[in-house]
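From first to last, the protein sequence lines are chains A and B. In my numbering, each residue's number is its place in the first sequence (first place is 1) plus 1180. In my numbering, each residue's number is its place in the second sequence (first place is 1) plus 1180. From the three backbone atoms N, C-alpha and C, an ideal C-beta is built for every residue, glycine too. This one's a predicted model, so the numbers in the text were calculated from it and none came from an experiment. What follows is a set of notes on a single structure, which appears directly below.
There are 2 protein chains.
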Amino acid sequence: MNKKLEHKLKDNSIKPTAMRLLVLKFLTEQNKAVSLQDIELAFERADKSTLFRTLKTFESSKIIHSIEDGTGHLKYALCLEGCNCSPIDLHYHFHCNVCKETFCLTELNVPTIELPKNFEMQQANMVIKGICGTCK
Amino acid sequence: MNKKLEHKLKDNSIKPTAMRLLVLKFLTEQNKAVSLQDIELAFERADKSTLFRTLKTFESSKIIHSIEDGTGHLKYALCLEGCNCSPIDLHYHFHCNVCKETFCLTELNVPTIELPKNFEMQQANMVIKGICGTCK
DNA sequence: TAAATTGATGCAAGTGAGTTGCAAAGTTTA
DNA sequence: TAAACTTTGCAACTCACTTGCATCAATTTA
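Okay, here's the thing in structure tokens:
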């Protein structure tokens, strides 16, 4: 497990420090998108700015992607294997108004959207809000 | 024009004060979504908190809707006639990475999205990012 | 009309997530 | 080992948003 995570970092030219491995492991174990705060709480010994920079590092290497779900807390979630964060890799996210969790709906890709003439899509932030299956 | 705007407010049980009419007029004239700051700059004499509360009032009456476009500034735009901000009223938004403006793509409604079992959609925040026709 | 009530406005101050500067600690390279 | 580079932790800052409260305006009631 740890070897695998270590490789994931090395493959992206990120030095696999203890901190980074812990954060990556934590992200891997989640089935939802987590905020910087969530991670802070999970690792009380770690500093917020270190975690912040770790996330930014992961994000720019496309190991994770961020979602603005409307809570005011940016959320982060692992990218799928082979994800390039390009339009064809995009998926919707679901934010539950009851439990306040945000999930990636990775089964469903965002369809091609008919844009006005000359508009070019590069990224997207798609958040559906409502009630999730557990809270229903 | 002003009479029309006044009615729009009255119809929603909002007292049509001078300030509110000015803000509504301003919003009507935009072809893009604007932030609280944009409005502050447009009305130097007005107080930020008044504008803030005006927007919240408009939003809860579904005269306008807000979009988180990833800039860190919440944007506001007029709802279409008869909009109820329900799933069937939803449209995509486009944020240009060059000019940093955010537009409503009202011509195109958000399609029905296949959600996991028991999930219920109530609202959505859909933002496509890229390059707009003018900046291309 | 005057008093009372209700609501809107303006000012100032607070909140809180995100971000940055910088020095200390750790790691790599020559 | 020494020098060079990277990561980490602390503290402080930024900035959008939000709130409390006193004042002011409009509307209703007596």
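Can you give me the C-alpha to C-alpha distance between residue i and residue j, rounded to a whole angstrom?
i	j	result
Asp1269 (chain A)	Pro1296 (chain A)	21 Å
Asp1256 (chain A)	Val1214 (chain A)	First, the residue type needs correcting, since residue 1256 (chain A) is Tyr and not Asp in the sequence shown. For Tyr1256 (chain A) and Val1214 (chain A), the distance between alpha carbons rounds to 5 Å.
Ser1193 (chain A)	Asn1211 (chain A)	26 Å
Asn1289 (chain B)	Leu1202 (chain A)	42 Å
Glu1239 (chain A)	Leu1189 (chain A)	12 Å
Cys1259 (chain B)	Ile1244 (chain B)	5 Å
Gly1250 (chain B)	His1275 (chain B)	9 Å
Glu1281 (chain B)	Ile1247 (chain B)	12 Å
Val1278 (chain B)	Thr1292 (chain A)	22 Å
Phe1283 (chain A)	Asn1182 (chain A)	25 Å
Thr1286 (chain A)	Thr1237 (chain B)	36 Å
Do residue j and residue i come within 8 Å of each other at the CB atom, strictly closer than that value?
i	j	result
Gln1303 (chain B)	Cys1265 (chain B)	yes
Gly1313 (chain B)	Asn1298 (chain A)	yes
Leu1231 (chain B)	Leu1216 (chain B)	yes
His1273 (chain B)	Ile1308 (chain B)	yes
Lys1316 (chain B)	Glu1300 (chain A)	yes
Met1306 (chain A)	Met1306 (chain B)	yes
Gly1235 (chain A)	Leu1204 (chain A)	The amino acid at residue 1235 (chain A) is misidentified as Gly; the sequence shows Leu. No, these two residues do not count as a Cβ contact at 8 Å.
I want to verify the contact list: residues of chain A whose CB lies under 8 Å from the CB of residue i, in sequence order.
i	result
Val1278 (chain B)	Result: empty, since nearest Cβ-Cβ is about 10 Å, beyond 8 Å.
According to DSSP, which residues form a beta bridge with residue i?
i	result
Val1307 (chain B)	A:Asn1305 and B:His1273
Ala1257 (chain A)	A:His1245
Thr1282 (chain B)	B:Ala1213 and B:His1275
Glu1220 (chain B)	DSSP output for Glu1220 (chain B) lists no bridge partner at all.
Glu1300 (chain A)	B:Ile1311
Asn1192 (chain B)	DSSP, once it has assigned bridges, lists no residue as partnering Asn1192 (chain B).
Leu1289 (chain A)	In the sequence on display, residue 1289 (chain A) carries Asn and not Leu. According to DSSP, which records beta bridges pairwise, Asn1289 (chain A) is partnered with A:His1271.
Residues of chain A with CB under 9 Å from residue i, in chain order?
i	result
Ala1304 (chain B)	Tyr1272, Met1306, Val1307, Ile1308, Lys1309 and Gly1310
Lys1183 (chain B)	The contacting residues do not exist; Lys1183 (chain B) stays about 33 Å from chain A at best.
Check the Cβ of residue i against every Cβ in chain B and list those closer than 8 Å, keeping chain order.
i	result
Lys1188 (chain A)	Here the premise fails: no neighbours, minimum Cβ distance about 26 Å.
Under 9 Å between beta-carbons, which chain B residues line up against residue i? List them in chain order, please.
i	result
Gly1262 (chain A)	Residues of chain B passing the Cβ test: none, with the nearest at roughly 22 Å.
Note down, in chain order, every chain A residue with its Cβ under 7 Å from the Cβ of residue i.
i	result
Lys1316 (chain B)	Asn1298 and Glu1300
Using a Cβ-Cβ cut-off of less than 8 Å, list which residues of the region 1290 to 1302 of chain A approach chain B; keep chain order. For the region 1290 to 1302 of chain A, the residues whose beta carbon sits under 8 Å from a beta carbon of chain B are, in order, Pro1291, Ile1293, Glu1294, Leu1295, Pro1296, Lys1297, Asn1298, Phe1299, Glu1300, Met1301 and Gln1302.
Closer than 7 Å, Cβ to any Cβ of chain A: which residues of the region 1239 to 1251 of chain B, in chain order? Taking 7 Å as the cut-off between beta carbons, the residues of the region 1239 to 1251 of chain B near chain A are Glu1248 and Gly1250, in sequence order.
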